[in-house]
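Student: Note that the protein sequences, when read in sequence, are chains A, B, C and D.
Residue numbers are given in this note's numbering: position 69 of the first sequence equals residue 56, and the series is strictly consecutive.
Residue numbers are given in this note's numbering: position 32 of the second sequence equals residue 19, and the series is strictly consecutive.
Residue numbers are given in this note's numbering: position 7 of the third sequence equals residue -6, and the series is strictly consecutive.
Residue numbers are given in this note's numbering: position 92 of the fourth sequence equals residue 79, and the series is strictly consecutive.
Ideal placement from N, C-alpha and C gives every residue a C-beta, glycine not left out.
Predicted, not measured: the structure shown is a model, and the values here were computed from it.
4 protein chains.
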Amino acid sequence: MPDATTTLATLKEAVRQFAADRQWEPFHSPKNLSMGLAVEAAELMEHFLWVDNEASRQMVHDPAELAGVAEEIADVAVYVLNLGNTLGIDLSETILAKIAKNAVKYPAEQYRGRYTAKP
Amino acid sequence: MPDATTTLATLKEAVRQFAADRQWEPFHSPKNLSMGLAVEAAELMEHFLWVDNEASRQMVHDPAELAGVAEEIADVAVYVLNLGNTLGIDLSETILAKIAKNAVKYPAEQYRGRYTAKP
Amino acid sequence: MPDATTTLATLKEAVRQFAADRQWEPFHSPKNLSMGLAVEAAELMEHFLWVDNEASRQMVHDPAELAGVAEEIADVAVYVLNLGNTLGIDLSETILAKIAKNAVKYPAEQYRGRYTAKP
Amino acid sequence: MPDATTTLATLKEAVRQFAADRQWEPFHSPKNLSMGLAVEAAELMEHFLWVDNEASRQMVHDPAELAGVAEEIADVAVYVLNLGNTLGIDLSETILAKIAKNAVKYPAEQYRGRYTAKP
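1. Any idea what DSSP makes of T(-3) (chain A), helix, strand or coil?
2. Express the C-alpha separation of A57 (chain A) and A51 (chain A) in angstroms, rounding to a whole number.
3. What does T(-8) (chain D) reach in chain C if we use C-beta pairs closer than 7 Å?
4. With the cut-off set at 7 Å, would you say L24 (chain B) and A28 (chain A) are in Cβ contact?
5. Looking only at its own chain, which residues have a Cβ that is under 6 Å from the Cβ of L70 (chain B), when we skip the five neighbours before and after it?
6. Can you look up V65 (chain A) in the DSSP assignment and give me helix, strand or coil?
7. What residues from chain B crowd round R99 (chain A), counting only those whose CB sits closer than 7 Å?
8. Please state whether DSSP places A28 (chain D) in a helix, a strand or coil.
9. Could you check whether L31 (chain B) and D(-10) (chain A) sit closer than 7 Å to each other, using their CB atoms as the reference points?
10. Give me the Cα-Cα distance between M22 (chain D) and Y66 (chain D), rounded to the nearest whole angstrom.
11. In three-state DSSP terms, what is G55 (chain C)?
12. Could you check the C-alpha separation between K88 (chain B) and F5 (chain A) for me, to the nearest Å?
13. Which chain D residues sit within Cβ distance under 7 Å of K18 (chain C)?
14. According to DSSP, is A7 (chain A) part of a helix, a strand, or is it coil?
15. Residues of chain D with a CB under 9 Å from the CB of V91 (chain C): which are they?
16. Could you please give the first and the last residue of the uninterrupted alpha helix (DSSP H) stretch that includes S79 (chain B)?
17. My assumption, with CB atoms under 8 Å, is that I82 (chain C) sits in contact with A61 (chain D). Please give the rounded CB distance.
18. Given that a residue counts as buried once 16 or more other Cβ atoms are within 10 Å of its Cβ, and exposed if not, what is K85 (chain D)?
19. Chain A beta carbons: is any one of them nearer than 7 Å to that of V28 (chain D)?
20. Let me know the secondary structure DSSP gives T73 (chain A) once reduced to three states.
21. When the Cα atoms are used, what is the spatial distance from E33 (chain A) to K18 (chain B)?
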């Protein structure tokens, strides 16, 4: 089920079923899920801890390294989906609304090629 | 565009276009994106810093609080999507493969209602 | 060398020597050290991921658990000391100045028993 | 009170008094303190989010930037000290023991100038 055809609803349902099968909903408070997400984000970051930015781009050309990194990203994504389920929010709407808000906050002409606004 | 019909490909394209419009690709090394993701995860976590698990469930009944939390989740998700683009990975396949792997690692009968295996 | 008699200078010197013996200074950029610190903070947090606040207090009565937690705290502290060395800052002065600043930001009478200001 | 003469006990006492004055001990569970530490670590990291390692070294030559960074490091350190108080652990002993353990784990001759062991 590739990105081209998989909806967020399908992915949310997969993690909902996983949690329900284990009766893990009582552990899935917003506080706990946000902690778990931060832990997984740190595990992803650890892959790139001692390298330069350019080296981090090269590293992921190694298939074994990329597979390890992809797995950490999946761990993060699973927490995002669990948060979506626990909080009852529509992730797609939320993400697209945030991108629209960011487009106003970071006007393309002022931020082109820069991560701070043009003076 | 709700979760029921929005594909990962649609969301990835939205963040790809956003970055392209600002020529931000040079900043989007795996190292930087993993750091940014961890920063946003911490901002989400900060909402629930001083409360108990149960209180964190109550908090999100407040619409203004929920909106703030949802926005932080969107920030995290945007980094996940950017990582998917930069690394050229199919997020849906990766997520579903990880859920399948976790199902083997955490057999339902051993972990039902428990976050550690039954002794 | 207990807390009662050990100065920050002694601890900073111990981590400086450790890094010098391995010629690790080139890896110790502020960016990398801040990432490493965040990774260790997440490893500490992971100990308390699925428990309630009260249970986290009980857990650390177990000597083996406490030893594991203490080791993660040490990992965090080593990064703080490395940052102090790399940046050439006096940690004691910095910490005491921040406590003084916080005392103004959080007046005791307004914040007594509360993590938000009295209305 | 500079690093040359300030003991860990002095710093721990300063944060203990600060918390006692506000009756904040009930909030200072190990779980909450580990979350707060991770949040502050992320705020420190955010300073160096979009720059290369070398640029992060240059940034801190700017006194205003360095002051901002130093303040985030102090925030992290205050959480470490609070954890030391809450858990009743001797931080100096813990840190020095961890450095000794790391010296065995990372023999200088194998790790000189490398963050992975010589093949």
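Tutor: Per the coordinate set shown:
1. helix
2. 10 Å
3. T(-6)
4. yes
5. L20
6. helix
7. R9, Q10
8. helix
9. no
10. 10 Å
11. helix
12. 11 Å
13. F35, V38, N40, S43
14. helix
15. What V91 (chain C) touches in chain D: nothing, since even the nearest Cβ is about 12 Å away.
16. 78 to 92
17. 5 Å
18. buried
19. Contrary to the premise, residue 28 (chain D) reads as Ala rather than Val in this sequence. No, A28 (chain D) lies away from the interface with chain A (no Cβ there is under 7 Å from its Cβ).
20. helix
21. 9 Å
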